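Note that UniProt numbering has the sequence shown beginning at 1, numbered continuously upward.
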Amino acid sequence: MTDVVLPCRNEAPALPALLTLMPPGYRAIVVDNGSTDGTAGVAREFGAEVVTVTEPGYGAAVHAGILAADPDDGVVCVMDADGSFDPRELPRLAFPVRVGATDLATARRRPAGRGVWPVHARLGNAVLARRVRRRTGLSVHDIGPMRAVRKEALLGLGLRDRRFGYPLELLLAAGRAGWRVTEVDVGYHPRAAGTKSKVSGSALGTLRAVRDMSAVLAR
């Protein structure tokens with residue numbers, strides 16, 4: 001069984017479809033990070049384990065989910081829970097990690113249509129990815145919010161960021177540790193109706209994410 005950590009803040013409208021599409025052999029762990037829309041109740045209704053985190057921040061939610069995970073195969077996945085990713089693509093992401101072909105598999109988003117990935121968000125992502133390539137030599141093009149890795153190896157990196165800088169810190173730490181990092185193309189779809197992105201949903205959200213990630217780069 002592979003555990004899938006789903007950091008959530010007010011993602012109740014997206015969860016029914018997402019959890020229904022979870023592939024066999026993949027167990028959902030919904031990390032409720034201060035939701036006010038009944039996210040936890042919907043998650044339980046559809047069979048997910050629920051972890052509650054009071055500390056705000058994407059990194060705080062992911063870290064709590066990783067700690068709660070107990071995958072039979074040692075592999076844990078992380079995926080946004082807003083409906084923009086199809087969980088049926090998780091096996092393609094997890095497979096190279098499971099068989100030892102790579103240490104970290106990360107998603108490279110391929111928009112499913114025009115307007116799915118706002119220009120301001122795509123530009124910010126491209127700038128950060130370029131800086132990661134220059135800093136680490138890793139061939140990455142996306143600071144993607146979907147990844148697969150072995151739990152114990154991830155915890156061994158000692159990641160500290162608990163906000164939006166977490167995915168960037170992961171890539172930088174993986175580069176320093178000499179990890180093999182593989183990008184896997186995945187579809188990037190419109191988020192579920194009734195949900196709102198904390199990053200790409202507004203220029204301000206993107207700027208906050210870039211600020212957090214820039215602080216990680218400055219360390």
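Cβ coordinates follow ideal geometry from the N, Cα and C atoms, glycine included.
Model, not experiment: these values are computed from the prediction.
CB-CB length for residue i against residue j, believed under 8 Å
i           : j           : result
residue 82  : residue 11  : 6 Å
residue 105 : residue 184 : 6 Å
residue 75  : residue 2   : 5 Å
residue 163 : residue 212 : 5 Å
residue 65  : residue 7   : 7 Å
residue 141 : residue 108 : 6 Å
residue 43  : residue 53  : Residue 43 to residue 53, Cβ: 13 Å. No contact.
residue 103 : residue 153 : 6 Å
residue 146 : residue 93  : 7 Å
residue 5   : residue 77  : 7 Å
Candidates the options, of which the one nearest residue i by Cα
i           : options              : result
residue 49  : 33, 57 and 69        : 69
residue 32  : 24, 26, 41 and 25    : 41
residue 35  : 28, 23, 51 and 178   : 51
residue 137 : 57, 172 and 151      : 172
residue 219 : 190, 186 and 159     : 159
residue 165 : 15, 56, 217 and 27   : 217
residue 182 : 96, 133 and 143      : 96
residue 192 : 5, 4, 149 and 13     : 13
residue 25  : 88, 190 and 15       : 88
residue 117 : 139, 130, 91 and 144 : 144
residue 148 : 90, 122, 129 and 178 : 90
residue 27  : 71, 155 and 122      : 71
residue 150 : 67, 38 and 215       : 67
Residue i classed as buried or exposed, judged by whether at least 16 other C-beta atoms fall within 10 angstroms
i           : result
residue 99  : exposed
residue 45  : exposed
residue 169 : buried
residue 17  : exposed
residue 20  : exposed
residue 110 : exposed
residue 124 : buried
residue 56  : exposed
residue 176 : exposed
residue 132 : buried
residue 126 : exposed
residue 194 : exposed
residue 59  : buried
residue 9   : buried
residue 129 : buried
residue 15  : buried
residue 101 : exposed
residue 139 : exposed
Element boundaries [beta strand (DSSP E), containing residue i]
i           : result
residue 29  : 26-32
residue 105 : 104-111
residue 6   : 2-8
residue 136 : Counting along the chain, residue 136 falls outside any beta strand (DSSP E), though it belongs to the alpha helix (DSSP H) covering 119-136.
residue 49  : 49-52
residue 148 : 146-150
residue 76  : 75-79
First through last residue of the alpha helix (DSSP H) which encompasses residue i
i           : result
residue 45  : 39-45
residue 219 : It is not in any alpha helix (DSSP H) - residue 219 carries neither H nor E in the DSSP assignment.
residue 237 : With the chain represented from 1 up to 219, any question about residue 237 goes unanswered, as that position is not in the structure.
residue 62  : 58-68
residue 245 : The shown model of the chain, from 1 to 219, leaves out residue 245, and the question about it has no answer.
residue 17  : 15-20
Give, in chain order, every unbroken run of the beta strand (DSSP E) that is at least 3 residues long and sits entirely within the segment 161-193.
181-188
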